[in-house]
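K.L.:
Take the sequence shown: its letters are residues -6 to 236, numbered as in my numbering. Sharing a structure, written as structure tokens. Questions coming.
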Amino acid sequence: MKKPMNAKELVQLFKKSEHLFLPNISVDSVIFGYEQGQLQVLLLQVDENTWMLPGGYVYKTESVDEAAHRNIYERIALKNTFLKQYAVFGGVDRDFKLKLKNMFQQFGHDGSEELWIQQRFVSIGYYALVDKAKTYPKPNLFAKACAWHNVYELPKLLLDHKKIILKALASFRTDLEHNPIGYHLLSTKFTMPELHQVFESVHDKQMDRSRFQKKMFGYAVFERLERKEGVAHRRPYYYRHGK
């Protein structure tokens, strides 16, 4: 398990880096993955009982989209992921000065000196869809660990990160109604039964298989490949997104 930076190192780092970032703007990334019928989200462990979303600040030399892509690459070492900006979180009540002060005290900072990251931030929410098998999760400066969690069995989360995740899931579900983007959670080639299971995991309910396949084929974006080997009964075809 990775050991986070100590308080002195963190404070010095943030003091030196303040001039590099856009003030009071951050990005939060809800990275969805999928495995064995389970929709998962990547989280960072702050302490024994608390987790948080991958997130970060925006360099003055980059766009917010570039910051989100960079943030995701730094966490899972994967480029060119499906990424969508889905919401902005900037309510008046989004002031976590006290909670962040308490978090820094856990690292050994006495809290006598307020840091710029303790100010009120407007956070831009993104959700990403990734093939989990291709990812290499890595903690950030604050975290002890980086791990996948069932999106329907979330642990205790920092700040308003549960709200951000639930909003991302709702947006993902809405987008699936008119775009079959769920295939991004699978490998390059997949079967229709596998894609069907992805959709069921996202919607958290059973879906009629024949209606589902009719809808998928209606998009005319999937290229049929060879049949799957090693299946006892009728072998399903593989498909890939090819148009």
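Just so it is clear, CB atoms sit at the ideal spot from N, CA and C, and this is done for glycine as well.
For the beta strand (DSSP E) containing Gly26, name the first residue and the last one.
P.N.:
14 to 28
K.L.:
Please state the DSSP three-state secondary structure of Glu41.
P.N.:
Three-state result, Glu41: coil.
K.L.:
Cα-Cα, which of Glu146, Gly48, Lys77 is closest to Gln114?
P.N.:
A small fix is needed here, since residue 114 is Phe in this sequence, not Gln. It is Gly48 whose Cα lies nearest to the Cα of Phe114.
K.L.:
To the nearest angstrom, report how far apart Val191 and Tyr119 are at their CA atoms.
P.N.:
20 Å
K.L.:
Using DSSP's beta-bridge definition, name the partner residues of Gly265.
P.N.:
Given a span of -6 to 236 for the chain in the structure shown, any question on residue 265 remains unanswerable.
K.L.:
Under three-state DSSP, which class holds Phe205?
P.N.:
helix
K.L.:
Less than 8 Å between the C-beta atoms of Phe7 and Leu108, yes or no?
P.N.:
yes
K.L.:
Do Val144 and the ligand NAD come close, with the Cβ less than 7 Å from some heavy atom?
P.N.:
Ligands are entirely absent from the displayed structure, and the ligand NAD is therefore not among its contents.
K.L.:
Keeping to the same chain, check which residues put their C-beta closer than 7 Å to that of Gly30; ignore five residues upstream and five downstream.
P.N.:
Result list for Gly30: Gln190, Ser194, in chain order.
K.L.:
Name the DSSP bridge partner or partners of Leu218?
P.N.:
For Leu218, which the question treats as bridged, DSSP gives no partner whatsoever.
K.L.:
Less than 8 Å between the C-beta atoms of Asn64 and Ser22, yes or no?
P.N.:
yes
K.L.:
Only counting the same chain, and skipping five residues up and downstream in sequence, which positions put a Cβ closer than 6 Å to that of Leu178?
P.N.:
Tyr27, Leu122, Val191
K.L.:
Mind reading off the beta-carbon distance from Leu32 to Trp44? Whole number of angstroms is fine, and I expect it under 8 Å.
P.N.:
Contact doesn't hold; Cβ gap of about 17 Å is too wide.
K.L.:
Whole angstroms is fine: what's the gap from Lys127's alpha carbon to Gly84's?
P.N.:
36 Å
K.L.:
Apply the 10 Å Cβ neighbour rule to Lys125 and answer buried if 16 or more other Cβ atoms are within range, or exposed otherwise.
P.N.:
Buried is the call here.
K.L.:
Just mark Met(-6) as buried or exposed, buried being the case when its beta carbon has 16 or more other beta carbons within 10 Å.
P.N.:
Note on Met(-6): pLDDT 49, under 50, position unreliable in the model; no value is reported.
K.L.:
Does the pairing of the region 193 to 212 with the region 159 to 176 give three or more beta-carbon distances under 8 Å?
P.N.:
yes
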